[in-house]
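Undergrad: Structure below; questions to follow.
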Amino acid sequence: MHRLRTIEIGKNLFMGELETGGFTNLICSYVIKGKKPFLVESEPRNSIPNLLYGLKELDVKLEDVEYVSVTHIHLDHGGAGILLKSLPNAKVIVHPRGMPHLVDPEQLWFSSQKVLGFVSEIFGKPEPVPKERLIPVTEALLI
Numbered sequence: 008m009h010r011l012r013t014i015e016i017g018k019n020l021f022m023g024e025l026e027t028g029g030f031t032n033l034i035c036s037y038v039i040k041g042k043k044p045f046l047v048e049s050e051p052r053n054s055i056p057n058l059l060y061g062l063k064e065l066d067v068k069l070e071d072v073e074y075v076s077v078t079h080i081h082l083d084h085g086g087a088g089i090l091l092k093s094l095p096n097a098k099v100i101v102h103p104r105g106m107p108h109l110v111d112p113e114q115l116w117f118s119s120q121k122v123l124g125f126v127s128e129i130f131g132k133p134e135p136v137p138k139e140r141l142i143p144v145t146e147a148l149l150i
């Protein structure tokens, strides 16, 4: 069963508390609704079904999502690879240092397993993001 608690925290701004591996109140994603919906945080791989369910509940069409912003690439934030399979027109906005880890997440996964142990399995192994779907954050970036 998909679990998501959605809270409107501003005009057209929603916070979704996602269940991950049976844990609640641990991970949030934000949705800015509008003509071109915008997601902040792609979340871990194992939360993606809950995130997609939440978008449906908010009447967000997956093909309308234009951007997903990733604040950093730890496993609990960087599940963009599998998410993009459901968001055909979305691009991921990420810091330039995070780009290589999203394109090839093997080293991130290896390091996460060493540091986090079984917790890494709760989040799930990230899938690669096609390089052409990444946008590096710059000071002048305006969305």
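Under my numbering, think of the first position of the sequence shown as 8, with each following residue one higher. Note that CB positions come from ideal geometry on N, CA and C, so glycine has one too.
1) Compute the Euclidean distance between the alpha carbons of Val126 and Phe117, then round it to the nearest angstrom.
2) Helix or strand or just coil, what does DSSP make of Asn32?
3) On a Cα-Cα basis, can you pick out the residue from Leu11, Lys132, Arg52 that is closest to Gln120?
4) Rounded to the nearest angstrom, how far is the Cβ of His84 from that of Glu48, given a contact under 8 Å?
5) Can you tell me whether Lys138 is buried or exposed, with buried defined as 16 or more other CB within 10 angstroms of its CB?
6) Under three-state DSSP, which class holds Val126?
7) Where in the stretch 61-90 do unbroken runs of the beta strand (DSSP E), each at least 3 residues long, occur, reported from the N-terminal end onward?
8) When the distance is taken between beta carbons, is Leu65 closer than 8 Å to Phe21?
9) Would you report the Cα separation of Thr78 and Gly23, rounded to the nearest angstrom?
10) Can you check which of these residues, Pro56, Asn19, Pro107, Leu123, is closest to Leu91 by C-alpha distance?
11) Mind checking whether Asn53 and Phe130 have CB atoms under 8 Å apart?
12) Let me know if Lys63 comes out buried or exposed under the rule of 16 or more other beta-carbons within 10 Å of its beta-carbon.
13) Identify, in the order they occur along the chain, each residue of the same chain with its Cβ nearer than 8 Å to the Cβ of Tyr74, setting aside the five sequence neighbours on each side.
TA: The answer reads as follows:
1) Translated into positions along the sequence shown, residue 126 becomes position 119. Translated into positions along the sequence shown, residue 117 becomes position 110. The straight-line gap from Cα to Cα measures roughly 13 Å.
2) Translated into positions along the sequence shown, residue 32 becomes position 25. In the three-state reduction of the DSSP assignment, Asn32 falls in the strand class.
3) As a working mapping, residue 120 is identified with position 113 in the sequence shown. Out of Leu11, Lys132, Arg52, Lys132 has the C-alpha closest to the C-alpha of Gln120.
4) By 1-based counting over the sequence shown, the position of residue 84 is 77. By 1-based counting over the sequence shown, the position of residue 48 is 41. Yes, His84 and Glu48 are in contact; Cβ-Cβ is about 5 Å, under 8 Å.
5) Counting from one through the sequence shown, the residue named residue 138 turns up at place 131. Answer is exposed; the Cβ neighbour count stays below 16.
6) Residue mapping note: residue 126 aligns to position 119 of the sequence shown, counting from 1. In this structure, Val126 counts as helix in the three-state DSSP scheme.
7) Whole beta strand (DSSP E) segments, 3+ residues: 74-76.
8) The residue you call residue 21 lines up with position 14 of the sequence shown. The residue you call residue 65 lines up with position 58 of the sequence shown. Less than 8 Å separates the beta-carbon of Phe21 from that of Leu65.
9) Here residue 78 corresponds to residue number 71 of the sequence shown, with the count starting at 1. Here residue 23 corresponds to residue number 16 of the sequence shown, with the count starting at 1. Thr78 and Gly23: Cα-Cα distance of roughly 16 Å.
10) Here residue 91 refers to the residue found at position 84 of the sequence shown. Closest by alpha carbon: Pro56.
11) Taking the first residue of the sequence shown as position 1, residue 53 is located at position 46. Taking the first residue of the sequence shown as position 1, residue 130 is located at position 123. In this structure, Asn53 places its C-beta atom within 8 Å of the C-beta atom of Phe130.
12) Your numbering for residue 63 matches position 56 in the sequence shown. Exposed, by the Cβ-count rule.
13) As a first step, residue 74 must be located in the sequence shown, where it is residue number 67. So the list reads Lys43, Phe45, Leu46, Ala97, Lys98, Val99, Ile100, Ile142, Ile150, once near-sequence residues are dropped.
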